[in-house]
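The sequence shown begins at 1 in the numbering used here and counts up one residue at a time.
Even glycine gets a Cβ: it sits at the ideal position worked out from N, Cα and C.
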Amino acid sequence: MGRIQVLSKNVSDKIAAGEVVERPASVIKELLENAVDAQATVITVEIKSGGIKYMRVTDNGIGMSKEDARLSIIRHATSKISTEEDLSRIATLGFRGEALSSIAAVSKLEIYTKTRNEETGTYMIAQNGEILDIVEAGCPDGTTVLVRELFCTVPARMKFLKKDYTEAGYIEDIVARLALSHPEISVKFINNGKEIIFTPGDNQLSSAIYAVYGKDIKNAMVEAEYEENGVKVHGMCAKASAARANRNMENFFVNGRYIKSALLAHAVEEAYKNELMVKKFPACVLNIEISPEMVDINIHPTKLEAKFADEKTVYHAVYWAAKNALYKKAYIPEVTETKPSQVTYTRPTPETVKETFKSAPEIKRELPKIDFSKVTPVKPFEPPKTEQAKISFGENTYKIPEKKPEIKVEVKEIPKPVIETSVPVIEEKVVEEVREKPVFKICGQVFNTYIIVEKDEKMLMVDQHAAHERLRYEKLLSQYRERNVVTQILLMPEIVKLTANEYATFCEHETEICELGYIASPYGEREIIVREIPMEAEESDIEETIFEIISMFSANRKNIDDDLAAKMLYRIACRGAIKANKELNSIEMDKLLTDIFMLDNINTCPHGRPITIEFTKDFIEKQFKRIV
Ligand SMILES: Nc1ncnc2c1ncn2[C@@H]1O[C@H](COP(=O)(O)OP(=O)(O)OP(=O)(O)O)[C@@H](O)[C@H]1O
Ligand SMILES: [Mg+2]
C-alpha cells in the first residue's frame with residue numbers, strides 16, 4: 001500500500017482554518033466583512049474575555065434562507081462569485097467561501113438569520129465543522145453569528161493567544177478600521193459589557209474618526225481628494241502636529257477593504273516628507289477607489305494585501321491626495337483645543353497651578369486610586385542594612401553607629417574594647433575609590449558646538465551634544481541595571497491617549513515601562529496617566545517618549561531584553577541633551593569634559609557618532625611644516 005492518502009474533510013478543514021483564523025480578531029474581521037457584504041447599515045460586535053470565550057456579531061443585512069445557512073459553513077460555498085471571470089472583478093469583501101467553514105471547524109458556532117421576505121428565520125448550531133441542529137426560529141431581519149470557545153477543537157492554537165486584553169485590543173483595531181472604511185454603517189463595539197466604539201453611521205468620515213480616535217485627531221484632520229487615470233482617492237489626512245511614533249494610524253482602504261501596503265505608506269510619507277520629524281508617521285484615512293480588474297486582493301489568505309496593476313498611478317494619486325491636503329491646511333487656519341500635554345512646558349508656579357486647575361477640564365476628573373503595591377520597580381535609595389555591632393567597656397555596652405568612613409573615633413587611654421560582633425565589615429577599612437580629576441586645558445568653544453581642549457600633548461575637539469548624550473545614557477543605563485532608575489515626580493501628572501493597540505501593549509508591558517522610570521498606569525478607556533519620569537528625561541517630551549517606547553515593544557513583540565532596553569534608554573537620554581549651537585560657559589564646559597574623560601574608552605555617542613576627534617602635536621606641527 002502506498003504511503004500517500006487523501007486527508008479526511010475534518011483534518012483538511014482544520015488545516016484550511018489555520019490560514020484564515022489565526023486569533024479572535026481574524027474571526028471578527030471575517031464576520032464584519034460578511035455583514036458589510038450583506039448590505040447591513042447597523043452592525044454590533046460584542047465580545048467577552050478577549051473574544052476567546054464569546055464573540056457575537058449582529059447585522060441588519062439581507063440574511064440567509066434555511067438552505068443558505070446550511071450551505072454557508074461548507075468550504076468553498078459562496079454566494080459572491082461563481083465563475084473564473086468573477087475572480088478578476090471582485091466587488092465584495094468575501095469571495096472564497098472559506099470564512100464560516102473555517103470558523104465552524106475550530107469553535108462552537110451558532111447562527112440566527114432571517115431574510116426580509118420570509119416570515120420566520122433559522123437557527124443553526126455547528127461544532128467541529130458539523131451541523132448539530134438547524135431549525136426554524138423567530139428572529140429579526142438580518143444575521144447574528146455567535147462564536148464560542150474558539151480553538152476548542154485545536155487546543156495547540158490556544159498557546160499562541162495573548163492575554164485577554166491584548167486580544168481585545170486586536171479586535172478593537174479591526175472594528176475601528178471597519179468603522180473608518182464604512183462611515184455609512186453604524187458600528188458598535190462592546191467589550192465585556194462596556195461600549196467602546198459607536199459610530200453614528202451618518203456617512204461622515206469625520207464622525208467615524210471622532211468615534212475611533214477622539215477629538216484631537218479628528219480636529220487635526222483635513223479632507224483629501226485626488227483623481228488620476230481612473231484611480232480616485234478620498235479621505236482625510238492629519239496635520240503634521242498630530243503625527244505618531246508608528247504607522248498605526250495610517251489607514252488605507254481599497255474599494256472599502258482595509259489593506260496593509262508598503263507602497264501606499266511610502267506615498268503618504270513622501271507627501272509629508274518635509275513636514276515630519278524623523279521616525280514620525282502621519283495619521284490618515286484614505287480610500288482608494290479603483291476598478292476591481294485593476295487590483296488583485298487574492299494574494300494572501302487573510303486578504304490584507306493588494307497588488308495593483310498600475311502601481312505608479314495609485315502611488316501618484318495617493319501622494320497628491322495627501323500633499324494637497326497638507327497644502328490646503330496652510331490656508332485654512334483651524335481653531336483646535338490643545339490638551340495640556342501639547343502646551344510647551346513651563347514649570348508652574350503656585351498661582352499658575354491654581355489657574356490650570358481652574359481651566360483644565362481633564363484634571364478635574366477624579367484621579368484613579370493608585371495601587372502602590374504595583375509600583376515597586378523604582379526604589380528609593382536605602383543604605384545597606386548591617387547588624388549593629390556592640391562594644392563593651394567593662395560592664396557597659398555601647399552600640400556602634402553605622403559605619404561612616406569620614407568619622408574618626410580616637411580612643412585614648414581607655415582599655416582596649418572587647419568587640420562582640422559577627423559583622424566583619426566593622427573592622428574593614430573602607431577604601432573609597434577616588435578617581436583623580438583628569439588634567440586638561442579648555443581653549444574655548446567653536447561654532448557654539450565643539451569644545452577645543454588641550455590634553456595629553458594633543459588637541460581635542462569634543463562634540464558637546466554627543467558628549468552629553470553619552471553621559472546621560474550611561475547614567476540611565478547604570479541606574480537601570482540596578483533596577484533603580486531615579487525619577488522625578490511630575491507636578492502635574494500627564495494623561496496620554498493611546499490607540500487600542502497601543503493601550504493593549506502598554507498594559508502588557510506596564511511593569512517594564514515602570515522599570516524604565518516612567519511610572520504610569522491605565523486611566524480610563526485607552527488612556528494612561530504618567531506620574532513620574534526618569535530624572536534624566538525631558539518633561540516636555542513625555543507623550544512622544546511613551547509612544548515610541550510602546551511602539552518599540554509592539555515592533556519587537558517580546559519582553560524587554562538588554563538590547564531593547566538599551567534602545568529605549570538611548571531614546572530617553574537623547575532628547576534632553578545639550579544641543580549643538582548652544583554657548584556654554586567655562587564651568588559647564590569643565591563639568592562636561594571632566595565627566596566625559598572619566599568614562600573609560602567610550603568615544604561615541606549612543607548612536608555611534610564620535611564624541612572626540614584628536615589632533616596630535618606631531619600632526620599639527622607637520623601641517624605648519626615645523627617638522628617633516
Ligand atoms: N452576515 C451574513 N448575512 C448574509 N449572508 C451571509 C452572512 N455571512 C455569511 N453569509 C453567506 O454565507 C456565505 C459564506 O460565508 P463565508 O464568509 O464563509 O464566505 P464568503 O464571504 O463568500 O467568502 P470569504 O471566505 O472570502 O469570506 C456567504 O457567501 C454569504 O452568502
Ligand atoms: Mg466572508
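Legend entry - Assigned exposure category for Ile197 - 16 Cβ within 10 Å defines buried: buried
Legend entry - Residue closest to Met568, alpha-carbon to alpha-carbon, out of Gly524, Lys582, Tyr473 and Ile611: Tyr473
Legend entry - Residue closest to Lys114, alpha-carbon to alpha-carbon, out of Arg531, Ile73 and Thr58: Thr58
Legend entry - Any non-hydrogen atom of ligand 1 within 8 Å of Leu100 CB: yes
Inset, instruction - For Glu223, write down the residues that DSSP places opposite it in a beta bridge. - result: Met236
Inset, instruction - In the DSSP assignment, find the unbroken beta strand (DSSP E) run with Met124 in it and report its ends. - result: Gly121 to Gln127
Inset, instruction - Give me the Cα-Cα distance between His632 and Glu167, rounded to the nearest whole angstrom. - result: The shown model of the chain, from 1 to 628, leaves out residue 632, and the question about it has no answer.
Inset, instruction - Measure the alpha-carbon distance for Gln464 versus Asn585 and round it to whole angstroms. - result: 12 Å
Legend entry - Nearest residue (CA-CA) to Gly214, options Tyr170, Arg526, Leu109 and Cys152: Arg526
Inset, instruction - Any chance you could list the beta strand (DSSP E) runs of at least 3 consecutive residues sitting entirely within the region 66-123, in chain order? - result: 108-114
Legend entry - Test item: CB-CB of Pro664 and Met552 under 9 Å: In the structure as shown, the chain starts at 1 and stops at 628, and residue 664 therefore has no counterpart that could be examined.
Legend entry - Same chain only: Cβ atoms within 7 Å of Leu205, ignoring 5 sequence neighbours per side: Pro183, Gly235, Met236 and Val285
Legend entry - Unbroken alpha helix (DSSP H) run spanning Cys629, endpoints: With the chain covering only 1 through 628, there is no way to say anything about residue 629.
Legend entry - Candidates Gly50, Leu146 and Leu71: closest to Leu32 by CA position: Leu146
Inset, instruction - Assuming Arg244 contacts Phe189 (C-beta within less than 8 Å), just tell me the rounded distance between them. - result: The pair is not a contact, with the Cβ atoms about 21 Å apart (cut-off 8 Å).
Inset, instruction - Return the Cβ separation of Asn448 and Lys591 in integer angstroms, given the expectation that the two are a contact with Cβ distance under 8 Å. - result: That belief does not hold up - the Cβ atoms of Asn448 and Lys591 are roughly 17 Å apart, past 8 Å.
Inset, instruction - List the DSSP bridge partners of Phe281. - result: Arg244
Inset, instruction - Grab me the residues of Arg70's own chain with a C-beta within less than 8 Å of its C-beta, minus the 5 sequence neighbours each way, in chain order. - result: Met124, Ile131 and Ile134
Legend entry - Identified DSSP bridge partners for Tyr54: Lys48 and Arg148
Inset, instruction - State buried or exposed for Leu150, treating a residue as buried only when at least 16 other CB atoms are found within 10 Å of its CB. - result: buried
Legend entry - Proximity test, Glu33 beta-carbon vs ligand 2 heavy atom, cut-off 8 Å: yes
Legend entry - Status (buried if at least 16 other CB within 10 Å, exposed otherwise) for Phe619: exposed
Legend entry - Between the CA atoms of Glu538 and Ala35 - distance to the nearest angstrom: 48 Å
Inset, instruction - Specify whether the region 99-119 and the region 68-86 touch according to this definition: at least 3 beta carbon pairs, one from each stretch, less than 8 Å apart. - result: yes
Legend entry - Spatially closest choice to Thr642 from Phe506, Val42, Ala156 and Leu263, by CA coordinates: One cannot answer for residue 642 here, as it falls past the ends of the chain, which runs 1 to 628.
Legend entry - Strand pairing of Pro522, partner residues [DSSP]: Ile528
Inset, instruction - Report the rounded CA-to-CA distance for Asn219 versus Ala325, giving the unit in angstroms. - result: 14 Å
Inset, instruction - Pick helix, strand or coil for Phe372, following the three-state DSSP scheme. - result: In this prediction, Phe372 has a pLDDT of 40, which is less than 50 and means its spatial position is unreliable; nothing more can be read from the coordinates.
Legend entry - Cβ neighbours of Thr594 in the same chain (closer than 7 Å, five flanking residues each side left out): Lys437 and Pro438
Legend entry - Alpha carbon of Thr313 to alpha carbon of Ala262, nearest angstrom: 15 Å
Legend entry - 9 Å Cβ cutoff met for Gly18 and Asp141: no
Legend entry - Separation of Tyr450 from Ala467, as counted between CA atoms: 10 Å
Legend entry - Nearest-angstrom Cα separation, counted from Lys579 out to Phe615: 24 Å
Inset, instruction - Please state whether DSSP places Gln488 in a helix, a strand or coil. - result: strand
Inset, instruction - Answer yes or no: the CB of Leu564 versus the heavy atoms of ligand 2, is any distance below 8 Å? - result: no
Inset, instruction - Confirm, please, whether the CB-CB distance from Tyr170 to Asn501 is below 9 Å. - result: yes
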